[in-house]
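Down below is the structure, laid out as structure tokens.
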Amino acid sequence: MIFIDKNYYDNDYSGIEINENDFKKYAARASDTVNFLTFGRAENISENKKISDVLWQKKYEAIRKATAAQTEVFAAHGESSYTGKASSDITREELGNSAVSYNISRKEMREFFGIPISGLAIEILSNAGLLYRGI
């Protein structure tokens, strides 16, 4: 399940330019990454739409924003430390009032099992309570 489409990424998130073919690949992998980081909650929340539930809407939007941020990181840095670019092209991720700044080499970037992870995605998911491991 892919949590965002190109229209959301381009118009709502306003991310870096990614061509359509690469976007599908990166968005799919970013969705898997966000779902993994949230212990499967992202897919569950996305599948069980409760439009009238305000809490559901906030969590769903956090999943979409985090997926867009992760998609952008994959597009800029590659998908793993084994095949990614050697250094960071992005020095700042910004979404509304949330921002993460860094000017670091690819080796210093936050990674999980060799996968580059967006600091902004982590903050968004954390603020939504989606990184909590408990029930």
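Heads up: take any position in the sequence shown, counting from 1, add 5, and you land on the working numbering. A virtual CB, placed ideally from N, CA and C, is assigned to each residue, including glycine.
{"Asked": "Ordered list of beta strand (DSSP E) runs contained in the stretch 39–90, each at least 3 residues", "Found": "none"}
{"Asked": "Nearest-angstrom beta carbon gap, Ala32 and Ile129 [assumed within contact, 8 Å]", "Found": "Ile129 to Ala32, Cβ: 16 Å. No contact."}
{"Asked": "Same chain, Cβ closer than 7 Å to Trp61, five either side skipped, listed in chain order", "Found": "Ile50, Lys55"}
{"Asked": "Pick from Asn24, Ser131, Glu84 that is closest to Ala35, judged by C-alpha positions", "Found": "Glu84"}
{"Asked": "Distance CB(Phe8)-CB(Arg69) smaller than 9 Å", "Found": "yes"}
{"Asked": "Inter-residue CB distance, Ser103 and Leu125 (contact presumed, cutoff 8 Å)", "Found": "6 Å"}
{"Asked": "Backbone secondary structure at Phe28 - three-state DSSP", "Found": "helix"}
{"Asked": "Residue closest to Tyr137, alpha-carbon to alpha-carbon, out of Asn16, Leu42, Leu100", "Found": "Leu42"}
{"Asked": "Assigned exposure category for Phe28 - 16 Cβ within 10 Å defines buried", "Found": "buried"}
{"Asked": "Member of Gly139, Asn24, Thr76 whose CA lies at the smallest distance from the CA of Ile120", "Found": "Thr76"}
{"Asked": "Residues near Lys30 in its chain [Cβ-Cβ closer than 7 Å; skip 5 each side]", "Found": "none"}
{"Asked": "Cβ-based burial, Asn132 [other Cβ within 10 Å; buried from 16]", "Found": "exposed"}
{"Asked": "Distance, Asn12 Cα to Phe44 Cα", "Found": "27 Å"}
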